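Report on one structure; see the data block that follows.
There are 2 protein chains.
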Amino acid sequence: MTDPCQKTCSDLTLSYGQQKSAIRELFEYGKMKAKEIGADKVFDFSIGNPSVPPPQEVEEAFHSLLQEKDPIALHGYTSAAGDPVVRQQIAEQLNTEYGTHYDASQLYLTCGAAAALSSTFRALSLESEDNEFIVAAPYFPEYKCFVEGHGGKLSVVPSTLPALDLPLQAIENAITTSTRAVIINSPNNPSGKLYETAELQSLAALLEKKAKDIGHPIYIVSDEPYRELVYDDQKAPFIPLIYPNTLVCYSYSKALSMPGERIGYVLVPPEADYSKDLYDAIAGAARSLGYVCAPSLIQRVVGLCAHVKPDIRAYDENRHLLYEGLTHIGYEAIYPNGAFYLFVKAPGNDAKAFSDYAKQHCNLLLVPSESFGFPGFLRISYCVSKERIESAMPLFEHCFKTYQSRT
Amino acid sequence: MTDPCQKTCSDLTLSYGQQKSAIRELFEYGKMKAKEIGADKVFDFSIGNPSVPPPQEVEEAFHSLLQEKDPIALHGYTSAAGDPVVRQQIAEQLNTEYGTHYDASQLYLTCGAAAALSSTFRALSLESEDNEFIVAAPYFPEYKCFVEGHGGKLSVVPSTLPALDLPLQAIENAITTSTRAVIINSPNNPSGKLYETAELQSLAALLEKKAKDIGHPIYIVSDEPYRELVYDDQKAPFIPLIYPNTLVCYSYSKALSMPGERIGYVLVPPEADYSKDLYDAIAGAARSLGYVCAPSLIQRVVGLCAHVKPDIRAYDENRHLLYEGLTHIGYEAIYPNGAFYLFVKAPGNDAKAFSDYAKQHCNLLLVPSESFGFPGFLRISYCVSKERIESAMPLFEHCFKTYQSRT
């Protein structure tokens, strides 16, 4: 028993359990520091927890379900894919919104987008082959651990600056016969980037062409927790309408301000190649990963609230305040069209060094972008109160000036 | 694209998605038949959904949390392992009940026992080796798909009749250098069998001896959703007190009558070998499978209700009614000490044939035991109303007599 890990547990999962994400590390530091010096003196822009309470309809749905529904049925098992009534409510919301013709049988409810993504990657991972999933950086770091946890490989290509456009040429170069899917996350975490229809059409054309070359479909796995958080009267293009081989992984975490409740879905559009098999494989993946029926009360809540839109005014106000404030100081930032993150060029280009400096000198917590696969930037979450942004602005200015003069 | 499955999705997960379990198949048949001929004419003993509503304390906890707690915090992310306050509440319940000294850091909250088991099997599965998990049949069929889904092998040994005792010799014979753990499920689904302390002590002695032989620990993974459903003033022995290398996978589904809410935990006792690494590996497995923080509202509900005991009087009454009724007719049944299942010898020994006969002639739905790895028996769930058992008794008698005379 010389090597404990080797003898007792999986190296891979041990490493996932021991490595803290850069985001979580800063967040934990912020909580500790707040206890030490007071929460008002720590400026924590690290975490993507909605700062707007759930819409009134959500609270009403909880109350009416708990008061009116038979508790045995309310808290009992639903079918593994989720209550058919709830799935139909969600299908109808999508149909109303996008002019589609979905029904309950194409939706599989999951414990949030994480479970949706993990089950989808597992279902797409063939036992006898290498499995590659392409993603454009900056990307949500958990993709790597979902894909690798099922034996696959995440193939990362950098987005195109200055606006983080889809790197079509790099994606084309990265496609091999092992390519199973391209992961799209628009609006993007960490950058707030929203892909427009024309850009997605070009990607669709590319993937159709390459799928013919390699002899099997290349799916888009569309991770859409921020789909409803889009500004300036824009709307996120619904990717299955552009590219039929799109599997949608959705979460209500951000739109309904309930990230802790873990509720989302996978949509397998009937227009996708082999859609019936894919749906069954996703159901089978969920089953073998230990997901049977998403939490039942919350299922019903999102069924009743499927049509509810988030109130994004507070985020929009923060977005302007932060973007305009920081660019006025001299920071270079990517103007975000969605989500609640601002992606800012790190002064001096070393994001970790600047993040450490801001933390030490001003208790300003900004996530360095290395773990998003795209060095040199800072992710600033603006799902905080307006007052926090206003109070932090002199600190952003102080850091900018002193760090620059120091280097 | 000649072979769609080969080209688009994992064979293994597709098979898990396409094969319906025997339990679900009967359950779905029952629902269909009820629509056709009326629910009162279908006698469905197929499913293990609690028939007793959640305790009053559960409903009160929902209401007070929704009324009193800040909704942003209530529905927001907790730490990945679960709210530390909730974990401490659970640790204290265990300490009070069993005289242990656990704390929050040894508990990892999960989406039910399924997620707990899946994460634990994944954590125990070494990348570079074969991984075997031993279970005594009859066993809960999903173990197979959790273990095999992570590349492991479920090694099944039959329990010893007439009372389904732990088959110690068979377990010893099944142990190899690839053995990672023995799965224990007491009280057992599908048989209601409860292992007593002496039996578990013998298993502990065996595993300690064999662990020395093979040079690494053999854990017990104790799947305990029925731990609180024990009759005749008995109590389920708490296995970590008998064998320190025990990882407990618990669910509140049955005790608090909320199987749909998907809330449970893994306990890694500090006395277990390499417990810190194991805990981290389980956390890492959960992360890579896509489990981050169990549903937050329900976490708080079980925290407040950790000490609440189920009211098992209705199940106990059903147990006697069914056991005595059936044995009086002439059926041979295993007297159950826990859970809410009766395991009955199939007249004629062909369980599938008898189940089909009972279904066709009497609309009596009984699960044949083949999928539990132990042929020749029927699982009868008695989490139904007393009236259903009383009404079904003449049908049980009719089937017994006509089937016997037919063969």
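Note that the protein sequences, when read in sequence, are chains A and B. For the first sequence, this note's numbering gives the first residue as 1, with consecutive numbering after it. For the second sequence, this note's numbering gives the first residue as 408, with consecutive numbering after it. C-beta atoms are modelled at their ideal positions from N, C-alpha and C, and glycine is treated no differently. Just so we're clear, the structure is a prediction, and the values are computed from it rather than from any experiment.
- Pro269(A) and Leu473(B) have their C-alpha atoms some 36 Å from each other.
- Taking 8 Å as the CB threshold, Asn349(A) stays off the interface with chain B.
- Neighbours of Gln234(A) in chain B, taken as residues whose beta carbon is under 9 Å from its own, are absent, since the nearest beta carbon is some 26 Å off.
- In the DSSP annotation of this structure, Arg634(B) is not part of any beta strand (DSSP E), being labelled neither H nor E.
- Going by DSSP, Leu733(B) is part of the alpha helix (DSSP H) stretching over 720 to 736.
- Think of a sphere of 7 Å around the beta carbon of Met665(B): the chain A residues whose beta carbon falls inside it are His75, in chain order.
- Ile741(B) carries a strand assignment under DSSP once its states are collapsed to helix, strand and coil.
- Partner residues in the beta bridge of Arg786(B), as assigned by DSSP, are Phe750(B), Val774(B).
- Using a Cβ distance threshold of 8 Å, Tyr748(B) and Asn592(B) do not count as a contacting pair.
- Nearest CB-CB separation between Ile479(B) and chain A: below the 8 Å threshold.
- Here the segment 85 to 93 of chain A lies against the segment 101 to 117 of chain A, with 3 or more beta-carbon pairs under 8 Å apart.
- The residue among His508(B), Leu733(B), Val465(B) with its C-alpha nearest the C-alpha of Pro801(B) is Leu733(B).
- With 16 or more other CB atoms across the displayed protein chains lying within 10 angstroms of its CB, Asp44(A) is buried.
- Here Tyr102(A) has Ala91, Leu94, Asn95, Leu267, Pro269, Pro270 as same chain residues with Cβ atoms under 8 Å from its own Cβ, once five neighbours each way along the sequence are excluded.
- If the five residues before and after Leu771(B) are omitted, its C-beta is found closer than 8 Å to the C-beta atoms of Phe450, Phe452, Ala765, Ala799, Leu802, Phe803, Cys806, all from its own chain and listed in chain order.
- Within chain B, the residues whose beta carbon sits less than 7 Å from that of Val292(A) are Ala521, listed in sequence order.
- With its beta carbon at least 8 Å from every one in chain B, Arg319(A) lies outside the interface.
- Counted as a single uninterrupted DSSP element, the alpha helix (DSSP H) harbouring Ile171(A) occupies residues 168 to 174.
- Following the DSSP letters along the chain, one finds Ser405(A) inside the alpha helix (DSSP H) bounded by residues 386 to 406.
- With contacts defined as CB atoms closer than 8 Å, Cys305(A) and Val58(A) qualify as a contacting pair.
- For Tyr265(A), no alpha helix (DSSP H) segment is defined; the enclosing uninterrupted segment is the beta strand (DSSP E) at 264 to 267.
- Here the alpha carbon of Met665(B) sits roughly 10 Å from the alpha carbon of Ile705(B).
- DSSP links Thr653(B) through a beta bridge to Ile627(B).
- By the neighbour-count definition (other C-beta atoms within 10 Å, threshold 16), Ala588(B) is a buried residue.
- The straight-line gap separating the alpha-carbon atoms of Ser695(B) and Tyr810(B) is approximately 51 Å.
- In the DSSP assignment, Pro71(A) falls outside any beta strand (DSSP E) and lies within the alpha helix (DSSP H) extending over 71 to 74.
- By the neighbour-count criterion, in which a residue is buried when 16 or more other Cβ atoms sit within 10 angstroms of its Cβ, Ser778(B) is buried.
- Using a Cβ-Cβ cut-off of 8 Å, Glu464(B) is close to nothing in chain A; its nearest Cβ partner there is about 12 Å away.
- Fewer than three Cβ pairs drawn from the segment 432 to 440 of chain B and the segment 129 to 146 of chain A lie within less than 8 Å of each other, which leaves the two stretches out of contact.
- Identification of chain B residues near Cys249(A) by a Cβ-Cβ cut-off of 7 Å yields none; the smallest Cβ-Cβ distance measures about 10 Å.
- Listed in chain order, the positions of the segment 213 to 243 of chain A with a beta carbon within less than 9 Å of a beta carbon of chain B are Gly215, His216, Pro217, Tyr219.
- Within the segment 668 to 683 of chain B, contact with chain A at the beta-carbon level (separation under 7 Å) is assigned to Glu668, Arg669, Asp680, Tyr681.
- When Ala753(B), Cys700(B), Ile787(B) are compared, the shortest CA-CA separation from Ala488(B) is found for Cys700(B).
- Runs of the alpha helix (DSSP H) lying entirely within the segment 445 to 478 of chain B and spanning at least 4 residues, in chain order: 463 to 475.
- Here Lys683(B) carries a helix assignment [DSSP, helix/strand/coil].
- The alpha-carbon of Ser788(B) is positioned some 29 Å away from that of Ala468(B).
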